[in-house]
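Quick note on our numbering: the sequence shown kicks off at 1 and runs consecutively. Read through the structure below, which is laid out as structure tokens, and then see the notes.
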Amino acid sequence: MAQQYPEWIWQNGEIKPWKEATTHVMSHALHYGSSVFEGIRSYVTPEGAAIFRLTDHLKRLYQSAKIYDMVLPYSQDQLASACREVMRKNGQTAAYLRPVAYRGLGGFGLSAETPIDVAVASWPMGPYLGPEALEVGINACVSSWQRFAPNTIPAGAKAGGNYLSGQLIAREARRLGFGEGIALAANGLLSEGAGENLFLMFDGVLHTTPASASILTGITRDTLKVLAREDGLEVIERDIPREYLYLADEILMCGTAAEITPIREIDGKQIGSGKAGRITRRLQELYFGLFNGKTQDKWGWLEPV
């Protein structure tokens, strides 16, 4: 079935028809991966449509741009307004938002000066890893592809070029019949999923890999840390050897797209009971409770459209 695109998009300061949001084939970003972006979800709440942690996402966008010496020609407030504007123009309430900034057409060298183009798209998105993933979980595999080593490519930036790594991991997993791939860091210890962070549960304690494991320190990951601790659960960030994947009581993947997805099996080895465990279910309840009103938003994470 052909992809259905929304009617409108925001690009370089104005709303325009989707088909008119074009860039030149010789743009720097197309050849060298010089873009930074965010993935943000909007949910329908009892108080109306709200964008989840919009301010935090846009703050990270500007941090990513800073790492790559990209000066964005719009303020954070202007991009926040653009996110709301494109959703309203498309008549959306629940949506996935994609702000992206990239080096456009200019010089042709790696360090060439170019204009910085900016766009914001919004479209409907269901569960990223499949319609049943949130409920029954997925089977995953440890990829043969490792994450990049420290001081090579900055994993802390959400840059387009970084996702070449994620593509290799995800496509290998799909080719082998798995729902998602898991990467090791350059030191052979656990890193993250193709595009998701990981939490492992041992004896009622949550364990997650640190920033030094070549991960993007995700905003959903941060949300779960806050919610878990608020609920009385202990959260530990530490290096984790690969084999501990097979010994965990529960494992979940999390991210804006993946939300809170249980992992029931890794490399053919059953995780825990082979289904979402008690802590995973509790974290799902707390997370989605932010949007249905059952979890109090003490942190101002829900930003009205």
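The beta carbon of each residue, even a glycine, is placed where N, CA and C say it ideally should be.
Query, Result
"With distance defined between alpha-carbon atoms, name the residue in Val100, Gly179 and Asn139 nearest to Glu38.", "Val100"
"Apart from the five residues on each side of it in sequence, which residues of its chain come closer than 7 angstroms, Cβ to Cβ, to Ala65?", "Val36, Leu72 and Ala101"
"Which residue wins for smallest C-alpha separation from Pro115, given the options Ala29, Ile51 and Ala21?", "Ala29"
"Sorted by chain position, which residues of the same chain lie with C-beta nearer than 6 angstroms to Trp145's C-beta, five sequence neighbours on each side aside?", "Leu168 and Ile169"
"Rounding to the nearest angstrom, what Cα-Cα distance links Ala149 and Asn187 in this structure?", "8 angstroms"
"Buried or exposed: which applies to Val86, given that a residue is buried once 16 or more other Cβ atoms fall within 10 Å of its Cβ?", "buried"
"If you reduce the DSSP assignment to three classes, tell me which class Val71 lands in.", "coil"
"To the nearest angstrom, how far is the alpha carbon of Ile182 from that of Phe199?", "12 angstroms"
"Between Ile263, Gly193 and Tyr5, which has its C-alpha nearest Ala314's C-alpha?", "The requested residue 314 is not part of the displayed model; the chain covers only 1 to 305."
"Would you kindly check if the distance between the Cβ of Leu227 and the Cβ of Tyr163 is under 8 angstroms?", "no"
"Using the beta-carbon count (16 or more within 10 Å), is Asn197 buried or exposed?", "buried"
"Starting from Asn292, trace the alpha helix (DSSP H) both ways and give me its first and last residue.", "Arg278 to Asn292"
"Between the region 228 to 235 and the region 18 to 26, can you find at least three pairs of beta-carbon atoms closer than 8 angstroms?", "no"
"Output needed for Lys89: all residues of its chain with C-beta closer than 6 angstroms, excluding positions within five of it in sequence on either side, in chain order.", "Trp8 and Ile15"
"Measure the C-alpha to C-alpha separation of Ile279 and Lys225 and round it to an integer number of angstroms.", "13 angstroms"
"Do the CB positions of Glu234 and Thr209 come within less than 8 angstroms of each other?", "no"
"DSSP puts Ser122 in a beta bridge; with which residues?", "Leu97"
"Closest to Ile215 by C-alpha separation, out of Asp239, Gly33, Ala140 and Gly137, would be which residue?", "Asp239"
"Using alpha carbons as the reference points, say which of Thr22, His31, Arg53 and Pro241 lies closest to Val305.", "Arg53"
"Which residue or residues does DSSP assign as beta-bridge partners of Gly193?", "Ile182"
"Is it true that the region 42 to 56 meets the region 296 to 304, where meeting means three or more beta-carbon pairs spaced less than 8 angstroms apart?", "yes"
"Which residue from Gly109, Glu180 and Asp249 puts its Cα closest to that of Ala133?", "Glu180"
"So Gly255 and Thr220 are supposed to be a Cβ contact under 8 angstroms. How far apart are they, rounded?", "5 angstroms"
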